[in-house]
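Residue numbers (UniProt numbering): 1 to 268. Here the structure is laid out as structure tokens; the discussion comes afterwards.
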Amino acid sequence: MHEPQKPKEAVLCHADIDAIRSFAAFTNQEDFKKMHSMDRELSTESFKGKRISFDVANGDKGEAYYVPSAKKSSKYLFVFHEWWGLNDYVRNESDRLSKELGDVNVIALDLYDGKVGTTREQAGALMKACDPQRAASIIQGALAFVGKDAKIATIGWCFGGGWSLQAALQLKDQAVGCVMYYGMPVKDVDRLSQLNCDVLGIFGEKDKWINPEVVANFENHMQEAKKTVTVKMYAADHAFANPSSDRYNEKDAKNANTEALKYLKKKF
């Protein structure tokens, strides 16, 4: 077991907060809220992981869903939930990723501190209320929990897609890879230049919010920052990879998940 680390207070810059707040502002649009639903039943077996807690710098514990590797490993995948919160979909995805990656510990961070939305209104309120400083400090707490020798990749969807990139920035030289599904990119070139890893971005052509123009700007900003982003664009809508959504596109979701898995295996 690694030696416990003291969690640090997170440091956010204006560019980080701008990206977080601009995505949260989408909840003011009825079209965005209607784009999200949980109309499909998920087939859930018994979950493989467990709920854990860890120290956070401000004194309040952070929580996560943790699926440890079958054998001791210093490889970790930090998973970031959609605007709904850490629900069964995220636990299912964490279990799947754990099984497919093998010797990687999977930790799905709860940025809502135990709250989960079951309606669009609840989810929108939770995303708006999520304090960027608190969320970033939860990431720092998880970093202290896994220790200074851990190699960490990140993955997330929607709200969590943006936080996957934010986490990669927070993790500094311990970040080995970042997968973001239709999340809001950071726009500031100086901030992006601080990334220690490349990025795999998965997006939908029909997405009205994280649209092709936003994606193209992200590619340009990453190029200016002398960082690498690989974009996989699908002829699909926002939230196309979530099987509980009525926007789910099975073919594109499977292809995207295959790309993400291939990327993560390479990074680990």
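Beta carbons are placed, not taken as given, at the ideal position from N, Cα and C, and that holds for glycine.
Please return the same chain residues whose Cβ sits closer than 8 Å to the Cβ of D31, not counting the five positions on each side in sequence. Counting from one through the sequence shown, the residue named residue 31 turns up at place 31. Excluding sequence neighbours, D31 sits near K208.
To the nearest angstrom, how far is it from the Cα of S69 to the Cα of G102? Position 69 of the sequence shown, counted from the first residue, corresponds to residue 69. Position 102 of the sequence shown, counted from the first residue, corresponds to residue 102. For S69 and G102, the distance between alpha carbons rounds to 7 Å.
Spatial distance of F80 from R134 (CA atoms): Walking along the sequence shown from the start, residue 80 turns up at place 80. Walking along the sequence shown from the start, residue 134 turns up at place 134. Their Cα atoms are separated by approximately 14 Å.
Backbone CA spacing between V90 and A260 [nearest angstrom]: Indexing the sequence shown from 1 puts residue 90 at position 90. Indexing the sequence shown from 1 puts residue 260 at position 260. Each residue's alpha carbon lies about 15 Å from the other.
As assigned by DSSP and simplified to three states, the class of M1: For the purposes of this step, residue 1 is identified with residue 1 of the sequence shown, where counting begins at 1. Caution is warranted here: a pLDDT of 49 is assigned to M1, below 50, making its placement in the model unreliable, and the coordinate value is therefore given only provisionally. If DSSP states are grouped into helix, strand and coil, M1 belongs with coil.
F32: first and last residue of the uninterrupted alpha helix (DSSP H) it sits in: Here the question's residue 32 lines up with position 32 in the sequence shown. First-last of the alpha helix (DSSP H) with F32: E30 to K34.
Inter-residue spacing [alpha-carbon to alpha-carbon] between K115 and A125: Taking the sequence shown and counting its residues from 1, the one referred to as residue 115 is at position 115. Taking the sequence shown and counting its residues from 1, the one referred to as residue 125 is at position 125. If I take the Cα positions, the gap works out to 11 Å.
Could you tell me the boundaries of the alpha helix (DSSP H) in which M222 lies? Locating residue 222 in the sequence shown gives position 222, where the first residue counts as 1. Element bounds for M222: P212 to E224.
Would DSSP call S53 helix, strand or coil? Taking the sequence shown and counting its residues from 1, one reaches residue 53 at position 53. Correct three-state label for S53: strand.
Taking the alpha-carbon positions, what's the K262 to E93 distance? Taking the sequence shown and counting its residues from 1, the one referred to as residue 262 is at position 262. Taking the sequence shown and counting its residues from 1, the one referred to as residue 93 is at position 93. Rounded to the nearest angstrom, the two C-alpha atoms are 16 Å apart.
Would N28 be called buried (16 or more neighbouring beta carbons within 10 Å of its own) or exposed? Position 28 of the sequence shown, counting from 1, holds the residue named residue 28. So N28 counts as exposed.
Please classify D16 as buried or exposed, where buried requires at least 16 neighbouring CB atoms within 10 angstroms. Start at 1 with the first residue of the sequence shown, and residue 16 comes out as number 16. The residue in question, D16, is buried, as its Cβ has 16 or more Cβ neighbours within 10 Å.
Spatial distance of E224 from V189 (CA atoms): By 1-based counting over the sequence shown, the position of residue 224 is 224. By 1-based counting over the sequence shown, the position of residue 189 is 189. Each residue's alpha carbon lies about 7 Å from the other.
So K227 and L195 are in contact, right, with Cβ under 8 Å, and what is the actual spacing, rounded? Within the sequence shown, residue 227 is the residue found at index 227, counting from 1. Within the sequence shown, residue 195 is the residue found at index 195, counting from 1. Yes, they are in contact, since the Cβ atoms of K227 and L195 sit about 5 Å apart, within 8 Å.
Residue from R21, A123 and A10 whose Cα sits closest to the Cα of K34: Residue mapping note: residue 34 aligns to position 34 of the sequence shown, counting from 1. Nearest C-alpha to K34: A123.
Where do the ends of the alpha helix (DSSP H) carrying L264 lie? Translated into positions along the sequence shown, residue 264 becomes position 264. That run of the alpha helix (DSSP H) goes E250 to K267.
Separation of K71 from W83, as counted between CA atoms: Numbered from its first residue, the sequence shown carries residue 83 at position 83. Numbered from its first residue, the sequence shown carries residue 71 at position 71. Looking at the two C-alpha atoms, the distance is approximately 32 Å.
Is the distance from the Cβ of S46 to the Cβ of A150 below 8 Å? One-based indexing of the sequence shown puts residue 46 at position 46. One-based indexing of the sequence shown puts residue 150 at position 150. No, the pair does not count as a contact, with Cβ atoms beyond the cut-off.
Report the rounded CA-to-CA distance for Y66 versus R96, giving the unit in angstroms. Residue mapping note: residue 66 aligns to position 66 of the sequence shown, counting from 1. Residue mapping note: residue 96 aligns to position 96 of the sequence shown, counting from 1. Looking at the two C-alpha atoms, the distance is approximately 13 Å.
Whole-angstrom distance between G141 and K8, CA atom to CA atom: Within the sequence shown, the letter at position 8 stands for residue 8. Within the sequence shown, the letter at position 141 stands for residue 141. Approximately 7 Å between the Cα atoms of the pair.
Helix, strand or coil at W163 according to DSSP, with G and I counted as helix: For this step, residue 163 is matched to residue 163 along the sequence shown. Of the three classes helix, strand and coil, the one that applies to W163 here is helix, per DSSP.
Go ahead and pull the three-state DSSP assignment for A10. Counting from one through the sequence shown, the residue named residue 10 turns up at place 10. DSSP places A10 in coil when its eight states are reduced to three.
For K75, which of helix, strand or coil comes out of DSSP? Here residue 75 refers to the residue found at position 75 of the sequence shown. Here K75 sits in strand by DSSP.
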